[in-house]
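Read the structure below first, then the notes.
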Amino acid sequence: MSRRRRALLLGGLSLLLGALAASEVSGREAEIESRVGASVKVVVAATPIAQGRTIEPAMLALRELPEKFAPAQSFADADQLIGARAAVAIGAGTDLQPPLLQGADSGAGGALVAAGANERLAQVIVVGDADEIPAGSRIDLLITRDTANGSATTRIGLRDAEVVEASPAEAVAEGSSSGLPRVALILRVTLEQAVLLAEAQSAARELRALPRPPAARR
1 MSRRRRALLL GGLSLLLGAL AASEVSGREA EIESRVGASV KVVVAATPIA
51 QGRTIEPAML ALRELPEKFA PAQSFADADQ LIGARAAVAI GAGTDLQPPL
101 LQGADSGAGG ALVAAGANER LAQVIVVGDA DEIPAGSRID LLITRDTANG
151 SATTRIGLRD AEVVEASPAE AVAEGSSSGL PRVALILRVT LEQAVLLAEA
201 QSAARELRAL PRPPAARR
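Position one of the sequence shown corresponds to residue 1 (full-length UniProt numbering), numbered consecutively onward.
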């Protein structure tokens, strides 16, 4: 076999192997995306933001993460936050969500509506049946978190919270809540509770709503 023919064969083989490798990588990327969702942009605090500080462009940054792990109430556009004020002290790198802010654009994935001097209407997506949790009802909210040793711990995050709105939400395909019904709720809570809910939606394994029977409601 001549050197020229050997070179052509080796070159063709290299192209074939490269195409096969690219196809395998593309297939793996598609499989991962089908599990965790496409990449989405989330607005985060680029610097620490003091409580009461007015949000300016230099304080914000965008990061990308799989849709499955994006907070339900996150913002995708930094312009929605310009001019809002920090309701609490916000650490650098924190995913910005309506319960952390005052005066944010309501076009975000969640809701931040003044309902009183120290009240907010906060949106959460939880395990629960929308038919059992109508507007005007009340719930207890359980928060399950993973621990350092791999186990899980559950505690009551909210007691006797008022449901302002409720609508069915898409079930998740994986995890401990796989296949369970989910519901998007707007709850009337205090500012401190709204901050708790924002953190729990980002870090907790599961949020579960327990409808309170009418006799148990205050």
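By construction, the Cβ of each residue, glycine as well, lies at the ideal position given by its N, Cα and C atoms.
For the structure I just gave you, are there three or more beta carbon pairs, one from the region 197 to 207 and one from the region 129 to 136, closer than 8 Å? Segment contact: the region 197 to 207 against the region 129 to 136, fewer than three CB-CB distances shorter than 8 Å; contact not assigned.
How about residue 219 and R188: are their beta carbons less than 8 Å apart? The shown model of the chain, from 1 to 218, leaves out residue 219, and the question about it has no answer.
Span of the beta strand (DSSP E), counted from its first residue to its last, around A169: Run containing A169: 152 to 169, per the beta strand (DSSP E) assignment.
DSSP three-state label for Q193, please. Q193: helix per DSSP, three-state reduction.
Among V126, L196, K41, the one whose alpha carbon lies nearest that of E170: When each option's Cα is compared against that of E170, the closest is V126.
Please report the distance separating the alpha-carbon of A58 from that of A148. Straight-line Cα distance between these residues: approximately 35 Å.
Determine the closest residue to R53 out of V88, A78, P71, L65, with distance taken between C-alpha atoms. Ranked by Cα distance from R53, the options V88, A78, P71, L65 are led by V88.
Closest to L185 by CA distance: which of G179, A194, T154 is it? It is A194 whose Cα lies nearest to the Cα of L185.
Please go through the same chain and pick out, in chain order, the residues whose beta-carbon is closer than 8 Å to the beta-carbon of R63, but skip the five residues on each side of it. By the criterion of a C-beta distance shorter than 8 Å, R63 is surrounded in its chain by K41, V42, V44, once the five residues flanking it on both sides are discounted.
Between T47 and the rest of its own chain, which residues show a CB-CB distance below 7 Å, the 5 nearest in sequence each way excluded? Cβ neighbours of T47 beyond the five flanking positions: M59, A92.
Let me know if L158 comes out buried or exposed under the rule of 16 or more other beta-carbons within 10 Å of its beta-carbon. By the C-beta density criterion, L158 is buried, having at least 16 other C-beta atoms within 10 angstroms.
Looking at the secondary structure, which residues open and close the beta strand (DSSP E) in which S39 lies? Here the beta strand (DSSP E) through S39 covers 39 to 45.
Shortest alpha-carbon distance to E192 belongs to which of L142, A122, A70, S137? Per the Cα distances, A122.
Assigned exposure category for R182 - 16 Cβ within 10 Å defines buried: Counting C-beta atoms within 10 angstroms of its own C-beta, R182 has 16 or more neighbours from the protein chains shown and is therefore classed as buried.
Can you tell me the Cα-Cα spacing of I139 and L196, whole angstroms? Approximately 16 Å, taken between the alpha carbons.
Since R53 is in the beta strand (DSSP E), which residue starts that stretch and which ends it? Taken as a continuous stretch (DSSP letters only), R53 belongs to no beta strand (DSSP E), as it is neither H nor E.
If you draw a straight line from the C-alpha of A200 to the C-alpha of I143, how long is it? A200 and I143: Cα-Cα distance of roughly 7 Å.
Which residues bound the beta strand (DSSP E) around A76? From DSSP, A76 is part of no beta strand (DSSP E); its letter is neither H nor E.
Would L100 and F75 qualify as a contact pair, given that the criterion is a beta-carbon distance under 8 Å? The answer is no: Cβ separation not under 8 Å.
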